[in-house]
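Report on the following structure.
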Amino acid sequence: VFLPYKGKFIRQILINHIDFDKSLTDSTKNVKNIIVRIGNALHGTSKEWVIRDHVFFKEKKPLNPYLLADNERYLRDLDFILDARIIIVPLISTDDSVDVLVVTRDVFSIGGSFNPRGVNETKFRIYDANFLGWGQRLQFNGHYDQERDPNFGYELYYRKSSLGGSLVNVTAGYTQLNTGSSYGNEQEQAYYLRLDRPLVSPYSRMAGGLELSRNWSKNFYSVSDTIFRTYRYNIRDVWLGYNIGAKKKQDDRSSRFISARIFEQRFSKKPLQSQDAVNPAFNSRTFVLGSFTLFRQDFYKTQYVYGFGRTEDVPYGHTMSVLAGWQNLLSLQRAYVGLDAEKSFVHSGGNFYTLSFRVGGFPYQGKWEDAALLLSGKLFSRLKHSKRFLIRQSADLDFTYVFNQRTNTLLDINNSFGLEGFIADSLLGTKRLHARYEIVLYSPWSLLGFRLAPIVFGDVAMIAPQNRTLFYDLPFFGLGTGIRTRNENLIFGTIELKFTYYPRTVEDISSFRVSVTSNLRIKYSGSFVKPPSLIIYN
């Protein structure tokens, strides 16, 4: 819709911000339910200057249609914005200039969650994602457990989006809940500061980030001193990238991006246990990584992928990064080489596909060490209509192989690349095959504005050690059903209730699992590039 105005000068940028109780397409249509009416008295509407701080095209400049589309998507991705539209307003007085109207709609930004875990344990959180309407988030997380000493622990953090219009997000906090940049195996406390500037468009020049944290273990559960590991460490992590193709032609979405990252974890106090002297988790580590990335990414606008009717932007295109660097760990100074490639596309029939290939390792003394290969694919089917239901199916398939592991851990089948909620410390290997299928039925039912969507899912995972074939043992399954609910007018994430059955288990893992997850944030990422990183496979 912006292409007919390509090259015209932008005379002025107008902001029309709609509160959360109005419709984006019709500002006279109120969203009527009891929660919204109560929220009117509590909600702080986003200020006009906050929206302008997140606009990255300029007045008195030629109009770039693709840059406007990127900005519209970026605004929709903010956690305090439900939807956004950018509208071109032609001028009668002149043919070479236009006005640009930016229309955004709030979500109700105050939220929280309450997760009881039995009679004696409770977790909760309270937050305002748009405090005072200034694009800033205040959040308090609490954890009460009678077995904990003290019984109550907490986390408090503050986040400001696009500080001063710089597109730099700032986060600072203190935690007693092991939720900082925690790399140890014990419960940790931490102070942390994070700065993050994403590459918001292929026409942007810079991206980067900084993270500083001070972490220390704390014996909240009165573990014996001979077992509990007492340690302290600091994290310093910084990366910076430059988009070589930022000044390209407007209709050229291909880019070349160079970046570098320096990561340091420095222990000021190490555990006293002798067996941890050579444990990589409790030794200082430094790595330096550089990457050269070729990417082209566009977005397909749709609904009912992860959301319950809100506008969603599905990325498609390709990304390929070549990584090279160096790591110092346990007195081992080794070079690192890796390749990270991904291809996403939208089929004309309405299906979305993503294929990924990741490989990396340390060439050392004539052989590869701590090497990993990860192949994966994901499919979202087209949205089908069945009477009053909308149906979306998804399928995942991934294969991982590691070899010559010297400081890295072996593969497991827990959570991300295995069975959700299945935690088995004894199932380790060098080869893993995992698949998942899920069907979601978006129903017409709702309660107080919360839409309901039943789900059915199944996971299967196979794992084998170095000296066995992948199919030498029976697979592990996770089969289940559940329901998701969400009110898109509110800041609350998706709430999910699941019942899972594991036909085969090990150790003391139960065959049945019931889980309730609140404030679940599931959506497509709008990031064009990411910091250089070693391959993550667990």
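Under my numbering, the first residue of the sequence shown carries the number 101, and numbering increases by one thereafter.
Glycine included, C-beta positions come from ideal geometry on N, C-alpha and C.
1) Let's see if you can read the secondary structure: which residues bound the beta strand (DSSP E) around Pro165?
2) Roughly how many whole angstroms lie between the Cα atoms of Arg305 and Tyr453?
3) Excluding sequence positions up to five away, which residues of its chain have a Cβ less than 6 angstroms from the Cβ of Val560?
4) Using DSSP with H/G/I as helix, E/B as strand and the rest coil, what is Glu588?
5) Beta-carbon separation of Ile210 and Ile591 under 8 angstroms?
6) Is Ala290 closer than 8 angstroms to Ser281 when the C-beta atoms are compared?
7) Starting from Val150, follow the alpha helix (DSSP H) in both directions and report where the run begins and ends.
8) Could you name each continuous beta strand (DSSP E) segment of 3 residues or more that falls completely within the segment 483 to 515, going from the start of the chain to the end?
9) Quick one: Cα of Arg248 to Cα of Tyr342, how far?
10) Could you tell me which of Leu394, Gln375, Ser374, Lys370 sits nearest to Asn383, measuring between CA atoms?
11) Exposed or buried, Ser359, counting other C-beta atoms within 10 Å across all chains shown (16 or more means buried)?
12) Below 8 angstroms on the Cβ atoms is my contact criterion, and I expect Ile181 with Val155 to pass it. Report the Cβ-Cβ distance as a whole number of Å.
13) Between the segment 163 to 181 and the segment 101 to 120, are three or more C-beta pairs nearer than 8 angstroms?
14) Identify the continuous beta strand (DSSP E) that holds Asn116 and give its terminal residues.
15) Expressed to the nearest angstrom, what Euclidean distance is found between the alpha-carbon atoms of Val270 and Leu263?
16) Between the segment 458 to 465 and the segment 426 to 440, are three or more C-beta pairs nearer than 8 angstroms?
17) Please report the distance separating the alpha-carbon of Phe231 from that of Phe240.
18) What is the rounded straight-line gap between the Cα of Asn116 and the Cα of Lys347?
19) Considering Leu570, what are the terminal residues of the beta strand (DSSP E) in which it resides?
20) Please determine, among Gly212, Glu221, Gln236, Val616, the residue with the shortest C-alpha to C-alpha distance to Tyr227.
21) Could you check if His485 is buried or exposed, using at least 16 other CB atoms within 10 Å of its CB as the buried criterion?
22) What is the residue span of the beta strand (DSSP E) that Ser197 lies within?
23) So, with DSSP's three-state summary, where would you put Phe408?
24) Go ahead and pull the three-state DSSP assignment for Phe382.
25) Between which two residues does the beta strand (DSSP E) harbouring Asp337 extend?
26) Would the beta-carbon of Gly521 fall within 8 angstroms of that of Arg385?
27) Helix, strand or coil for Pro631? Go by DSSP, reduced to three states.
28) Please confirm if the segment 180 to 198 is in contact with the segment 307 to 315, defined as three or more CB-CB distances below 8 angstroms between the two stretches.
29) Does the separation of the CB atoms of Asn319 and Phe328 fall below 8 angstroms?
30) Using only alpha-carbon positions, find the residue among Gly265, Phe395, Thr581 that is nearest to Glu148.
31) With distances taken Cα to Cα, identify the nearest neighbour of Gly253 among Ser391, Tyr303, Thr222.
32) Mapping the DSSP letters down to three states, classify Ser317 as helix, strand or coil.
33) Taking the straight line between their C-alpha atoms, what separation do you get for Tyr537 and Ile151?
34) So, at 6 angstroms on beta carbons, what are the nonlocal neighbours of Ala229 in its own chain, with the 5 sequence-adjacent residues on each side left out?
35) Who are Ile595's beta bridge partners in DSSP?
Reading it off the structure:
1) On the sequence shown, residue 165 is found 65 positions in, with the first residue counted as 1. Where Pro165 is concerned, there is no enclosing beta strand (DSSP E), although the alpha helix (DSSP H) it sits in stretches over 165 to 176.
2) In the sequence shown, the residue the question calls residue 305 occupies position 205. In the sequence shown, the residue the question calls residue 453 occupies position 353. Straight through space, the alpha carbons of Tyr453 and Arg305 are spaced by roughly 29 angstroms.
3) Taking the sequence shown and counting its residues from 1, one reaches residue 560 at position 460. Excluding residues within five positions, the ones whose Cβ falls inside 6 angstroms are Ala535, Pro575, Phe577.
4) Stepping through the sequence shown from its first residue, residue 588 is reached at position 488. Here Glu588 sits in coil by DSSP.
5) Your numbering for residue 210 matches position 110 in the sequence shown. Your numbering for residue 591 matches position 491 in the sequence shown. Judged by beta-carbon spacing, Ile591 lies within the 8 angstroms limit of Ile210, meaning their Cβ atoms are closer than that value.
6) For the purposes of this step, residue 281 is identified with residue 181 of the sequence shown, where counting begins at 1. For the purposes of this step, residue 290 is identified with residue 190 of the sequence shown, where counting begins at 1. For Ser281 and Ala290, yes; Cβs fall inside 8 angstroms.
7) Against the sequence shown, residue 150 aligns to sequence position 50. That run of the alpha helix (DSSP H) goes 148 to 153.
8) Runs of the beta strand (DSSP E) inside the segment 483 to 515: 484 to 486, 489 to 503.
9) Counting from 1 along the sequence shown, the entry for residue 248 is found at position 148. Counting from 1 along the sequence shown, the entry for residue 342 is found at position 242. Approximately 47 angstroms between the Cα atoms of the pair.
10) Along the sequence shown, read from residue 1 onward, the residue named residue 383 stands at position 283. Checking every option, the nearest Cα to that of Asn383 belongs to Lys370.
11) Start at 1 with the first residue of the sequence shown, and residue 359 comes out as number 259. With 16 or more other Cβ atoms within 10 Å, it is buried.
12) One-based indexing of the sequence shown puts residue 181 at position 81. One-based indexing of the sequence shown puts residue 155 at position 55. About 12 angstroms separates the two Cβ atoms, so there is no contact after all.
13) Between the segment 163 to 181 and the segment 101 to 120 there are three or more C-beta pairs closer than 8 angstroms, enough to call the two in contact.
14) Working through the sequence shown from its first residue, we reach residue 116 at position 16. For Asn116, the enclosing beta strand (DSSP E) has its first and last residue at 109 to 118.
15) Your numbering for residue 270 matches position 170 in the sequence shown. Your numbering for residue 263 matches position 163 in the sequence shown. Rounded to the nearest angstrom, the two C-alpha atoms are 7 angstroms apart.
16) Taking a cut-off of 8 angstroms for Cβ pairs, the segment 458 to 465 and the segment 426 to 440 touch, as three or more such pairs fall below it.
17) The residue given as residue 231 occupies position 131 in the sequence shown. The residue given as residue 240 occupies position 140 in the sequence shown. Approximately 13 angstroms between the Cα atoms of the pair.
18) Taking the first residue of the sequence shown as position 1, residue 116 is located at position 16. Taking the first residue of the sequence shown as position 1, residue 347 is located at position 247. Rounded to the nearest angstrom, the two C-alpha atoms are 30 angstroms apart.
19) In the sequence shown, the residue the question calls residue 570 occupies position 470. Looking at the DSSP string, Leu570 is not in any beta strand (DSSP E), and its letter there is neither H nor E.
20) Locating residue 227 in the sequence shown gives position 127, counting from the first residue. The option with the nearest alpha carbon to Tyr227 is Gly212.
21) Translated into the one-based positions of the sequence shown, residue 485 becomes position 385. With fewer than 16 other Cβ atoms within 10 Å, it is exposed.
22) By one-based count along the sequence shown, residue 197 stands at place 97. Start and end: 197 to 206.
23) Counted from its first residue, the sequence shown places residue 408 at position 308. The DSSP-derived three-state label of Phe408 is coil.
24) Taking the sequence shown and counting its residues from 1, the one referred to as residue 382 is at position 282. Look at Phe382 here: in three-state DSSP terms it is helix.
25) Numbered from 1 along the sequence shown, position 237 holds the residue referred to as residue 337. Counting along the chain, the beta strand (DSSP E) containing Asp337 begins and ends at 332 to 343.
26) Working through the sequence shown from its first residue, we reach residue 521 at position 421. Working through the sequence shown from its first residue, we reach residue 385 at position 285. No Cβ-Cβ contact shorter than 8 angstroms links Gly521 with Arg385.
27) Taking the sequence shown and counting its residues from 1, one reaches residue 631 at position 531. Residue state, collapsed to three classes: coil.
28) Because the criterion of three Cβ pairs below 8 angstroms is not met, the segment 180 to 198 and the segment 307 to 315 do not touch.
29) Numbered from 1 along the sequence shown, position 219 holds the residue referred to as residue 319. Numbered from 1 along the sequence shown, position 228 holds the residue referred to as residue 328. In this structure, Phe328 lies closer than 8 angstroms to Asn319 by Cβ.
30) Residue mapping note: residue 148 aligns to position 48 of the sequence shown, counting from 1. For Glu148, the closest of Gly265, Phe395, Thr581 by C-alpha to C-alpha distance is Gly265.
31) Residue numbering aside, residue 253 sits at position 153 when the sequence shown is read from its first letter. Out of Ser391, Tyr303, Thr222, Thr222 has the C-alpha closest to the C-alpha of Gly253.
32) Taking the sequence shown and counting its residues from 1, the one referred to as residue 317 is at position 217. Strand, per DSSP.
33) As a first step, residue 537 is located in the sequence shown; it is residue number 437 there, counting from the start. As a first step, residue 151 is located in the sequence shown; it is residue number 51 there, counting from the start. The alpha-carbon separation between Tyr537 and Ile151 amounts to approximately 39 angstroms.
34) Reading the sequence shown from its first residue, position 129 is the one you call residue 229. Take Ala229, set aside five residues on each side of it, and the residues of its chain with a beta-carbon closer than 6 angstroms to its own are Asp179, Phe180, Ser209, Arg237, Ile591, in chain order.
35) The residue you call residue 595 lines up with position 495 of the sequence shown. Residue pairing by DSSP places Ile595 opposite Thr585 in a beta bridge.
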